[in-house]
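S.K.: Provided herewith is a single structure, encoded as structure tokens, for subsequent inquiry.
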Amino acid sequence: MVLSRLFRRRSEPDLQLEQGLAKTRRAVFTEITRLFDRTTLDQELYDDLEMLLIQADVGWDVSQRLVHELRSRVASERIEQPALAREVLREEMIRLLELASQHRKVKIFQRGVPFVTMVVGVNGVGKTTSIAKLAAYHQRFGRTVMLAAGDTFRAAAIDQLAVWGERLDVPVIAHQQGADPGAVVFDAMQAAHARAADILIVDTAGRLHTKHNLMAELTKLRTIMQRHVDDAPQEVLLVIDATTGQNGLVQAKQFSDSVAITDIMIAKLDGTAKGGIAFSVAKELGTPISYIGTGEKATDLAEFRPETYVDSLFFGTGDEL
Amino acid sequence: MEMFESLSDRLNETFGRLSRKGRLTEQDVDEAMREVRRALLEADVNFKVVKDFVAALRERALGQDVLRSLTPAQTAIGIVNEELIKVLGSTVETLRAPDRPPQILMLVGLQGSGKTTHAAKLAIHLRKSGRNPLLVAADVYRPAAVNQLQALGRQVNVPVYEEGIDKSPIDIADRALTFARERGFNPVIVDTAGRLQIDDRLMQELVDIRDRIDPTEILLVADAMTGQEAVGVAETFHERLDVSGLILTKMDGDARGGAALSIRAVTGVPIKFIGTGEKLDALEPFYPERLAGRILGMGDVLSLIERAQEQTDEQEAQRLQTRMFKGQFNLEDFLEQLQKIKKMGPLTQLLDMIPGLGGQMRQANAQISDDDYKHIEAIIYSMTPDERRRPEIIGNRRRKRIARGSGRNPAEVNQLLAQFREMQKMMTQFGKMSKKGRLPAKLPFDF
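One line per chain: the protein sequences are P and L, in this order.
Once you know that position 241 of the first sequence is 240 in numbering that gives the first Met the number 0, the rest is easy, because the numbers rise by one and skip nothing.
Once you know that position 197 of the second sequence is 196 in numbering that gives the first Met the number 0, the rest is easy, because the numbers rise by one and skip nothing.
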């Protein structure tokens, strides 16, 4: 456990995450810190805390739970100082996120067998940009990457992926707009085998989780992948826009129901996105959040870590690590 | 899957519990207000907006309306509905006319909100009313954004002005305008790059574009699924640019519309259009009362009616409504309606609009396909005219015969009959509601 932590720390581009998240520190987070500068732990403080959490898109339900946990621990541990209560809250928030991240499976990359990642999500969450980031991420580990332009629906989605492919010097398997995504995936699987790519990242058309026939299409893609690699896609990555409100949870649930999401990426965590949706997702689904996207550059991707997430977003102390 | 219990259900529940104990007190109203608060927060309404809204609501509720009412839940729902509409704006907003042509529409917003798609949707929408639109590709940042607009332009047969990605968007927009004036294009729809409201340099660029082309409308395109930040985004765009209207996109998902309510409440900027699908004609004018219904979780009867109206004539609708409300609606009417429904759109989308059905049906959604239409049709076709008019005469033998005739099994016939009875019950309830004035008196509700 300790060893693996050490190993992960060294191999991962930590700095990116720190810098990316640093940009997001805004009013809410300094306000949470300031909240505990007060002298007494009273009802008003708890009410204000609940409001601040809701403001950060943590959601009504989870906010209630967090405040409740805090109150009962404050009572049972006889905490009187707000500064200590703040630590308790921080712990509880991290624990909530860890609930999900502990389910994260170790990724096994086998030589000669492409590791297939299928990227899914609703329209406009930043799937294509996230794919570019993911490709760059794998490249940093010396893995060869190939992309499949499975979004044959949105106008110029293929071009957009091709531009990234060129920038990153990664081959992109694509058909015409309007082509059958299944055929693209089929070709991409063959190409990945033929060129012995380590990683194949498959883009899919954005779809609202309420469109059932489109959701069914994802299942079809999976079947096609499995003709080549038994356990493909080894990773099904749901991209959620960090500015999404409580609908993010509905999205995650419905995508999980139809395509068995293995990992979640929270994109657009730059600017003023609150990212509170991570807590609802962690609590309700237990699907691990694995990556976060923080900017528009291909390098703006980091692995998700509960502690960093909570510290950077909610306590403005991300550089403590 | 119904994630959130609807606000109207919750109010019904709360007041139902309360009314059993007789008199309602101020505390009871407070409890109900907590429910409203919770439901609004779960619908992503901004917390500040919720606070003000609930305060106003509480005052009205305590103004005896609710306390004295025999049906406190209904009265409360009515008040919430009215207050929601008040915030959402009570009129349907249209696009401003320019002082002199061309009309210039500038689309702004965050990345991924749907600007490019909605530029094309607007173009089609305006062309339908006989206009000659020009699309302008001023997003030089996102990879392939220009190609996307070009592709969309080709798809809908609207010309696209573009200068690639090496020129400044300010100059592009400016020259596009000259181009439009020379060739008589009107309106001119300018697609700008998505940007974060805190990106000062890019926000300034929008200000520069605006100052150069002096648009008739600056339309903020916002994702209906946005959380608490929706207000911050809209406020900043509005402060910098003086936004004149909103387009709420992705309203065909199951977002509860909290973002729309919040943005409208905080900025006062009217919502002019909503995007309701991936197809390029999926753009509708915004009707406040419909979104209010959606936030309350009462379905979107009005949109449903509108679609139904497209398929049916007024008199016919009146006749049916009367029959329905009186419980005289039979399987023959049902079959006739079914055939009209088929023309209205995919079944699942329609089901979502029916009050009270949305949540439950969504659960069964996976199994409901448009094939089911065919099965239902087959079953009804296998009935005698008498059976269609009086389904209650269908006993075991008749059921078996109908099943054989339609190639379905008797259980399916049963299921259809049970559903039909349920439906009849609902309809008579509607009839009663409309008499009490809970629904518009004239409801050309056609199935």
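Note that CB positions come from ideal geometry on N, CA and C, so glycine has one too.
#1: Tell whether a beta-carbon distance below 7 Å holds between R293 (chain L) and G257 (chain L).
#2: Are there 16 or more other CB atoms within 10 angstroms of the CB of V159 (chain L), so buried, or fewer, so exposed?
#3: Would you mind telling me which residues of chain C sit closer than 8 Å to K282 (chain P), beta carbon to beta carbon, in chain order?
#4: Report yes if the C-beta distance between L213 (chain P) and R206 (chain P) is below 7 Å; otherwise report no.
#5: Tell me whether T218 (chain P) is buried or exposed, calling it buried when 16 or more other Cβ atoms sit within 10 Å of its Cβ.
#6: If I follow the unbroken beta strand (DSSP E) through F272 (chain L), where does it start and stop?
#7: Quick one: is A154 (chain P) near chain L, going by C-beta distance under 7 Å?
#8: Classify S3 (chain P) as buried or exposed, calling it buried when 16 or more other Cβ atoms lie within 10 Å of its own Cβ.
#9: How many Å lie between Q414 (chain L) and T127 (chain P) at the Cα?
#10: Between R56 (chain P) and chain L, is any beta-carbon pair separated by less than 7 Å?
#11: Mind checking L312 (chain P): buried by the 16 CB within 10 Å criterion, or exposed?
#12: Pick out the complete alpha helix (DSSP H) segments inside the region 200-262 of chain L, 4 residues or longer, and give them in chain order.
#13: Hey, does R24 (chain P) have any beta-carbon neighbour from chain L nearer than 7 Å?
#14: Tell me which residues of the region 225-241 of chain L have at least one Cβ-Cβ distance to chain P shorter than 7 Å, keeping chain order.
#15: So that I know if they touch, is there some Cβ in chain L lying closer than 7 Å to that of D150 (chain P)?
#16: Going straight from the alpha carbon of L51 (chain P) to that of Q80 (chain P), what length do you get?
#17: Just the Cα atoms here: how many angstroms apart are V73 (chain P) and V258 (chain P)?
#18: Which value, in whole angstroms, describes the spacing of the CA atoms of P100 (chain L) and I217 (chain L)?
#19: Which of helix, strand or coil does DSSP assign to T90 (chain L)?
#20: Compare the beta carbon distance of E288 (chain L) and T275 (chain L) with 7 Å and say whether it is the shorter of the two.
#21: Whole beta strand (DSSP E) runs in the region 96-149 of chain L with 3 or more residues, listed along the chain?
#22: When you compare the CB positions of L295 (chain L) and L6 (chain L), do they come within less than 7 Å of one another, or not?
#23: Does the distance from the CB of R95 (chain L) to the CB of T215 (chain L) come in under 7 Å?
#24: Could you work out which residue in P:L199, P:A195, P:Q138 and P:R139 is closest to V183 (chain P) when comparing CA atoms only?
#25: Examine chain L for any beta-carbon lying closer than 7 Å to the beta-carbon of I265 (chain P), and answer yes or no.
#26: Based on the DSSP secondary-structure assignment, which residues constitute the bridge partners of I157 (chain P)?
#27: Report the residue ranges of all alpha helix (DSSP H) runs contained in full by the region 35-82 of chain L; include only those spanning at least 4 residues, in chain order.
#28: Compare the C-beta of G15 (chain L) with all C-beta atoms of chain P and state if any pair is closer than 7 Å.
#29: I want to see whether chain P comes within less than 7 Å of A221 (chain L), judged by CB atoms only; does it?
#30: Measure from the alpha carbon of V162 (chain P) to the alpha carbon of each residue in L:Y140, L:E335 and L:A172, then state which is nearest.
#31: Restricting to Cα atoms, I'd like to know which of L:L109, L:D51 and L:R400 is closest to G193 (chain L).
#32: May I have the straight-line CA-CA distance separating L10 (chain L) from L83 (chain L), to the nearest angstrom?
#33: Can you tell me whether F328 (chain L) is buried or exposed, with buried defined as 16 or more other CB within 10 angstroms of its CB?
#34: Hey, quick one: how far does the beta strand (DSSP E) through L146 (chain P) stretch, first residue to last?
#35: Starting from D190 (chain L), follow the beta strand (DSSP E) in both directions and report where the run begins and ends.
#36: Taking the straight line between their C-alpha atoms, what separation do you get for Q138 (chain P) and I291 (chain P)?
M.R.: Based on what the coordinates show:
#1: In this structure, the beta-carbon distance from R293 (chain L) to G257 (chain L) does not fall below 7 Å.
#2: Per the 10 Å Cβ criterion, buried.
#3: Absent from the structure: chain C. Protein chains present are P and L.
#4: The answer is yes: Cβ separation under 7 Å.
#5: With fewer than 16 other Cβ atoms within 10 Å, it is exposed.
#6: Segment I270 to G274, the beta strand (DSSP E) holding F272 (chain L).
#7: Chain L contact via Cβ: present.
#8: Here the model assigns S3 (chain P) a pLDDT of 33, short of 50, so the residue's position is not dependable and the matter cannot be decided.
#9: Between Q414 (chain L) and T127 (chain P), the C-alpha separation is close to 45 Å.
#10: Residue identity check: residue 56 (chain P) is Asp in the sequence provided, not Arg. Cβ-Cβ to chain L under 7 Å: yes for D56 (chain P).
#11: Per the 10 Å Cβ criterion, buried.
#12: If we require 4 residues or more, the alpha helix (DSSP H) runs fully inside the region 200-262 of chain L come out as 229-240.
#13: In this prediction, R24 (chain P) scores a pLDDT of 46, lower than 50, which makes its location untrustworthy; no coordinate-derived value is stated.
#14: The region 225-241 of chain L vs chain P, Cβ under 7 Å: T225, G226, Q227, E228 and G231.
#15: No, D150 (chain P) lies away from the interface with chain L (no Cβ there is under 7 Å from its Cβ).
#16: About 20 Å.
#17: Near 41 Å, if we compare the C-alpha coordinates of V258 (chain P) and V73 (chain P).
#18: Rounded to the nearest angstrom, the two C-alpha atoms are 16 Å apart.
#19: Note: T90 (chain L) maps to coil in three-state DSSP.
#20: No. Outside cutoff.
#21: Counting only runs that start and end inside the region 96-149 of chain L, the beta strand (DSSP E) elements of at least 3 residues fall at 103-107 and 133-137.
#22: Yes, the Cβ-Cβ distance between L295 (chain L) and L6 (chain L) is below 7 Å.
#23: Contact flag set, yes.
#24: The residue with the shortest Cα to Cα distance from V183 (chain P) is P:L199.
#25: Not an interface residue.
#26: Here I157 (chain P) is not bridged, per DSSP, to any residue.
#27: Correct list: 46-59.
#28: It does not; no Cβ of chain P falls within 7 Å.
#29: So, not an interface residue.
#30: Of all alpha-carbon atoms in L:Y140, L:E335 and L:A172, the one lying nearest the alpha-carbon of V162 (chain P) is that of L:Y140.
#31: It is L:L109.
#32: Rounded to whole angstroms, L10 (chain L) and L83 (chain L) show a C-alpha spacing of 15 Å.
#33: It counts as buried.
#34: First-last of the beta strand (DSSP E) with L146 (chain P): V144 to A147.
#35: D190 (chain L) -> beta strand (DSSP E) spans V187 to T191.
#36: Looking at the two C-alpha atoms, the distance is approximately 17 Å.
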